[in-house]
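Enquirer: Can you read through this structure? Questions will come right after.
Chains as they are written, first to last, in our numbering: chain A, 522 to 907; chain B, 346 to 1074.
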């Protein structure tokens, strides 16, 4: 099997441009949000900035590889990849191998760095689903054909629950459901996992007191402003304090240890405070354009003969990034209960950055063969495939 | 986009796009809600939690002596605190901290192990400790600067200065009386702080800037205070007194030059001091003055003209059975003696008879004239009034007690002021201890000038009274006090203490009060010893203190050149030479070691030597001493008959021979002339008796190499004080 390059077309310019803009703004904001924390904790205000720069470099290399790789050839690795992902996810749960941070055992330690296997899981799951659903798309209206996906979902969901990673669990559940539906599963079947997951989520929430607290803190943060509601209140204060124009780059005061994770999960709060509605709203706009553009690429590639796999892959990757972003923004602005979800391309975090960039590399790869034309001129093409 | 031509994936993607779009709109809407509609609310919340109103401490004003030497100042001390819950490795932190703070490991670790949010590790430690702690950079450990009052001279004038409490508020003495001026106005800044409550220094918003307190420049002379305090302490210790007090005052102005009480305390450590020691007995305590009060009776009869100095009184051989059944006793049996002797020998019986001549209305009048029963108005807190019964409540016995100082009570300050009035030709000045108030730049904001209270008697009566007081020292109960170089006017007092409703038979308040030089008084000195053991007569206990203080103060104050120069040096702060000189003389006296004369003027050397009982000889000419025959620190070789002699070599004069110039001596007494000539080391030949009428070499001329000076004296036509440079020769 060879992974030699398939094409030499250039990626979609808009996606590329948005990726660079988001990545660079993320890097700047990481420095702004973490300098004081880094100085306080490590004695150098560049600590997080430099590490993130390193990960971006690694991620860009991964992105280049993903961009040039032969996707059709890579499909052969879909199932082994899934197994590898599940294996790593299982390994991290083994005491002594996985590393516990903040009560959650989600990391491997590799020398000075740590690495989160759920980030691999995201991309291998999407890749597997795109591959598998493309092959089996004709059978998806038969509920029995859906059983394997249910089984697989139960496996990784159990592992994520073991890692107390409810955020990723919900994210991957939604992406799985989305890909099933895109592949042609009747909408009505989508109610089944929802029907199953609602009691499951209620059980999960009730089984862990911290989740219960988060939910109640989400609903009523002011009941315990110094305790459970602290994170959310501090986040809302940061966002609200920013106002329309913001307090100015690097001038956030909420990052002075008020915000729990100013450079990771709550970096959007710092952005909102420093850059105000223009900056924060602009960022949401960029993410929105990115996601819609990703789906547009997926839609365009789906019109190609045999393009369903790539369309599903592009949709899955876009959804991974988009849903993560929406969940993170929802948490920071108090629309969703607090979950440990980073803002893709922006938040500090090596595993997340590397695999996000790798995924985007795949998206570039897909987009490179596609001409995104305006609606009227695309009509003949659509007619052919339909 | 037209969905009609879309494939199933595109159709479903369109639904998804709508959902994503909706989510984006939700987030954008939420941002508008939070950042625009609710902005001011959240802004206030951020402000409230991020900015803490923080007081900026205004510096408390200093307290200085009259020359500017600091008596009370501020030093920055540091409080080291810890948040134990923020310290990761407590055992390791405790090792580092105990080393940095010089504390035991156990003490530090037990504090860090306390289940508290906040603990003090060390309070009020100097900068070097806080520096060491900060160098450790331990998370959760902070050092905060705090201003702290410091009294560099410790026990010096402590009751007069007072002290400040933990919040730097004046709690006693001048610190309390002038607290309103000393205390500055604190400023207010909004200090940015992080979630851990630590202050972020970058961005403080000043709401109100702080204003430092005014400095108080006292009338106290550091050197005189030192002299007074040292001499008083000696007597206090020697006689094992319960307490002792001293006041030195300038009678012409009412300025307090020195004020001390024993036992005393260190205001730096007032917390470990008993309340009793904090009292400034000089103004806060009142007692029956005894014989020193006889002054008032004497002034009364002289002023009213009912008794003259030579009028005779029969002193009943020591026991006077009055008509009212009370027996007045004297300490020695006296017969028919003059009023001068009655006063000079301090006869109670004689004084009662004198008082009867004066009558109670007049006696009461003079009590009030001298201000008894009313505070003197000195600027110190808690001044006692003293008690003088209203005339209508005087009993028949009152005239047998009040004339010699019983049945009334007074503060030492009132007694001092009464004698000062006589020294000041009958004009009583209001005593005061603060000269002026200065702002932080040294500009005088408010100054206090001498304030005349009233005339208590005529100039003439004051002069006659002075002669009586001189007689006390020359011939009466105060002969122990006499000095060879200066006339002293003074009065002894030995009062029975009134304890538990009756007069004690073995506890006395011994005192001596007077002024020097008698004819042109520079200082009034009051000394009292409470319950001296062994000998209790005022003349023998308090008297010697008076004498030593008078001698040293006069040497410091009156030897030409010496005092102003010493003062200037104190004032300019370049070297506390005045204090150094006193310290050197102390060394000479107590350790019998030759002081270092190097660089001193002949006057200063002479003063130093006199204070320490050393004889000096000068060779060479010049302003400054450049060599001495015995090395500094060497023991003084002297026997009872042969006082130690040190030969000082004077160095090359650079500008003039001011040190070797003849002073103006015409009009001076022999004693004054000797005092003035002493620094020159001349052989003086007197011709005749009386005051100097002519001198050779003349004033302003340099002393000849032969070192001999001839003075012609004669008994003056008028009183000595009338003569002067313009006197007949």
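Even for Gly, the Cβ is constructed at its ideal location relative to N, Cα and C.
Would you report the Cα separation of residue 585/A and residue 837/A, rounded to the nearest angstrom?
Expert: Start at 1 with the first residue of the first chain, and residue 585/A comes out as number 64. Start at 1 with the first residue of the first chain, and residue 837/A comes out as number 316. Computed Cα separation, rounded: 19 Å.
Enquirer: Hey, could you find the ends of the alpha helix (DSSP H) residue 672/A is sitting in?
Expert: Indexing the first chain from 1 puts residue 672/A at position 151. Unbroken alpha helix (DSSP H) run through residue 672/A: 668-683.
Enquirer: Can you give the Cα-Cα distance for residue 649/B and residue 580/B, rounded to whole angstroms?
Expert: The sequence position of residue 649/B within the second chain is 304, counting from 1. The sequence position of residue 580/B within the second chain is 235, counting from 1. Cα-Cα distance, rounded: 39 Å.
Enquirer: When you check each C-beta in the segment 754-774 of chain A against every C-beta of chain B, which residues fall closer than 7 Å?
Expert: Of all residues in the segment 754-774 of chain A, the ones placed with a Cβ closer than 7 Å to any Cβ belonging to chain B are 757, 758, 760, 761, 762, 763, 764, 765 and 774, in chain order.
Enquirer: Can you find at least 3 beta carbon pairs, one from the segment 664-679 of chain A and one from the segment 809-829 of chain A, that sit closer than 8 Å?
Expert: no
Enquirer: Would you mind listing the alpha helix (DSSP H) stretches within the segment 804-888 of chain A that are 4+ residues and don't spill past its ends, in chain order?
Expert: Counting only runs that start and end inside the segment 804-888 of chain A, the alpha helix (DSSP H) elements of at least 4 residues fall at 829-853 and 871-888.
Enquirer: So for residue 435/B, helix, strand or coil by DSSP?
Expert: By one-based count along the second chain, residue 435/B stands at place 90. Note: residue 435/B maps to helix in three-state DSSP.
Enquirer: For residue 950/B, which residues of its own chain have a beta-carbon under 7 Å away from its beta-carbon, when the five flanking residues on both sides are left out?
Expert: Taking the second chain and counting its residues from 1, the one referred to as residue 950/B is at position 605. Here the set comprises 942, 961, 970 and 993.
Enquirer: Mind checking which residues open and close the beta strand (DSSP E) that includes residue 589/B?
Expert: If you number the second chain from 1, residue 589/B lands on position 244. Looking at the DSSP string, the run of the beta strand (DSSP E) that includes residue 589/B is 588-595.
Enquirer: Specify whether the segment 713-721 of chain B and the segment 754-762 of chain B touch according to this definition: at least 3 beta carbon pairs, one from each stretch, less than 8 Å apart.
Expert: Three or more pairs of CB atoms, one per stretch, sit closer than 8 Å, so the segment 713-721 of chain B contacts the segment 754-762 of chain B.
Enquirer: In chain A, which residues lie less than 8 Å from residue 437/B when you measure between Cβ atoms?
Expert: Sequence index remark: in the second chain, residue 437/B carries index 92 (1-based). Ordered by position in chain A, no residue passes the 8 Å Cβ test against residue 437/B, which lies about 17 Å from the chain.
Enquirer: Which same chain residues, not among the five before or five after residue 536/A, have their C-beta less than 8 Å away from its C-beta?
Expert: Position 15 of the first chain holds residue 536/A. If we look at residue 536/A and ignore the five residues flanking it on each side, its Cβ neighbours are 811, 814, 815, 818, 881, 884, 885 and 888.
Enquirer: Beta-carbon separation of residue 898/B and residue 569/B under 9 Å?
Expert: What you label residue 898/B is simply residue 553 of the second chain in a count that begins at 1. What you label residue 569/B is simply residue 224 of the second chain in a count that begins at 1. It is a contact, given that the beta carbons lie within the stated cut-off.
Enquirer: Name, please, each residue of chain A whose Cβ falls closer than 7 Å to the Cβ of residue 395/B.
Expert: Indexing the second chain from 1 puts residue 395/B at position 50. For residue 395/B, the chain A residues whose C-beta falls within less than 7 Å of its own C-beta are 774, listed in chain order.
Enquirer: Measuring only the C-alpha atoms, how far is residue 365/B from residue 579/A?
Expert: What you label residue 365/B is simply residue 20 of the second chain in a count that begins at 1. What you label residue 579/A is simply residue 58 of the first chain in a count that begins at 1. One C-alpha to the other measures close to 30 Å.
Enquirer: Quick one: which unbroken alpha helix (DSSP H) runs of 4-plus residues sit fully inside the segment 475-544 of chain B? Chain order, please.
Expert: 503-506, 518-522 and 524-527
Enquirer: When you compare only the Cα positions, how much space is there between residue 530/B and residue 554/B?
Expert: The count along the second chain starts at 1 and reaches residue 530/B at position 185. The count along the second chain starts at 1 and reaches residue 554/B at position 209. Distance between the alpha carbons of residue 530/B and residue 554/B is about 9 Å.
Enquirer: Which runs of the beta strand (DSSP E) fall wholly inside the segment 815-897 of chain B and span at least 3 residues, in chain order?
Expert: Within the segment 815-897 of chain B, the runs of beta strand (DSSP E) at least 3 residues long that lie entirely inside it are, in chain order, 834-844, 847-861 and 868-875.
Enquirer: Identify the continuous alpha helix (DSSP H) that holds residue 693/B and give its terminal residues.
Expert: Residue 693/B sits at position 348 when you count from the first residue of the second chain. That run of the alpha helix (DSSP H) goes 693-703.
Enquirer: At the level of alpha carbons, what is the spacing between residue 738/B and residue 598/B?
Expert: Along the second chain, one-based indexing puts residue 738/B at 393. Along the second chain, one-based indexing puts residue 598/B at 253. Straight-line Cα distance between these residues: approximately 35 Å.
Enquirer: List, in order along the chain, the chain B residues whose C-beta lies closer than 8 Å to that of residue 824/A?
Expert: One-based indexing of the first chain puts residue 824/A at position 303. The contacting residues are 352 and 355.
Enquirer: Let me check understanding here. Comparing Cα to Cα, which of 866/A, 752/A and 830/A lies closest to residue 860/A?
Expert: Mapped onto the first chain, residue 860/A falls at position 339. For the residues 866/A, 752/A and 830/A, the minimum Cα distance to residue 860/A belongs to 752/A.
Enquirer: Just the chain A side, please: which residues come within less than 9 Å of residue 387/B by C-beta, in chain order?
Expert: One-based indexing of the second chain puts residue 387/B at position 42. Within chain A, the residues near residue 387/B are 757, 758, 759, 760, 761, 762, 763 and 764.
Enquirer: Please report how far the alpha carbon of residue 607/B lies from the alpha carbon of residue 622/B, in whole angstroms.
Expert: Indexing the second chain from 1 puts residue 607/B at position 262. Indexing the second chain from 1 puts residue 622/B at position 277. Their Cα atoms are separated by approximately 8 Å.
Enquirer: Is DSSP giving residue 614/A helix, strand or coil here?
Expert: As a working mapping, residue 614/A is identified with position 93 in the first chain. Coil.
Enquirer: Which same chain residues, not among the five before or five after residue 724/B, have their C-beta less than 7 Å away from its C-beta?
Expert: Position 379 of the second chain, counted from the start, is the residue given in the question as residue 724/B. Closer than 7 Å at the Cβ level, and outside the excluded window around residue 724/B, lie 522, 777, 778 and 779.
Enquirer: Mind checking residue 911/B: buried by the 16 CB within 10 Å criterion, or exposed?
Expert: Sequence index remark: in the second chain, residue 911/B carries index 566 (1-based). Confidence in residue 911/B is poor, its pLDDT being 43 and thus under 50, which makes the residue's placement too unreliable to answer from.
Enquirer: Between the beta-carbon of residue 1039/B and the beta-carbon of residue 1022/B, is there less than 9 Å?
Expert: Taking the second chain and counting its residues from 1, the one referred to as residue 1039/B is at position 694. Taking the second chain and counting its residues from 1, the one referred to as residue 1022/B is at position 677. Not in contact: residue 1039/B and residue 1022/B (Cβ atoms no closer than 9 Å).
Enquirer: Would you give the residue range spanned by the beta strand (DSSP E) that residue 1032/B belongs to?
Expert: Within the second chain, residue 1032/B is the residue found at index 687, counting from 1. Where residue 1032/B is concerned, the enclosing beta strand (DSSP E) stretches over 1028-1032.
Enquirer: For the segment 613-627 of chain A, which residues have a beta carbon sitting closer than 8 Å to at least one beta carbon of chain B?
Expert: none
Enquirer: Spell out whether any CB of chain A is found under 9 Å from the CB atom of residue 913/B.
Expert: Counting from one through the second chain, the residue named residue 913/B turns up at place 568. Only weak support is given to the placement of residue 913/B: the predicted model assigns it a pLDDT of 43, under 50, and the question is left unresolved by the model.
Enquirer: Could you compute how far the alpha carbon of residue 719/A sits from the alpha carbon of residue 713/A?
Expert: As a working note, residue 719/A is residue 198 in the first chain. As a working note, residue 713/A is residue 192 in the first chain. Roughly 10 Å separates the two Cα atoms.
Enquirer: Keeping to the same chain, check which residues put their C-beta closer than 8 Å to that of residue 607/A; ignore five residues upstream and five downstream.
Expert: Sequence index remark: in the first chain, residue 607/A carries index 86 (1-based). Excluding five sequence positions before and after residue 607/A, the CB atoms of its chain that fall closer than 8 Å to its own CB belong to 642, 676, 677 and 680, given in chain order.
Enquirer: Give every residue of the same chain whose Cβ lies closer than 7 Å to the Cβ of residue 710/A, excluding the five residues on either side of it in the sequence, and list them in chain order.
Expert: Taking the first chain and counting its residues from 1, the one referred to as residue 710/A is at position 189. Contacts found: 664 and 667.
Enquirer: Can you tell me whether residue 968/B is buried or exposed, with buried defined as 16 or more other CB within 10 angstroms of its CB?
Expert: Translated into positions along the second chain, residue 968/B becomes position 623. Residue 968/B is buried by the Cβ-count criterion.
Enquirer: Please report how far the alpha carbon of residue 1013/B lies from the alpha carbon of residue 829/B, in whole angstroms.
Expert: Here residue 1013/B is taken as the residue at index 668 of the second chain, counted from 1. Here residue 829/B is taken as the residue at index 484 of the second chain, counted from 1. Spanning the two alpha carbons is a distance of roughly 15 Å.
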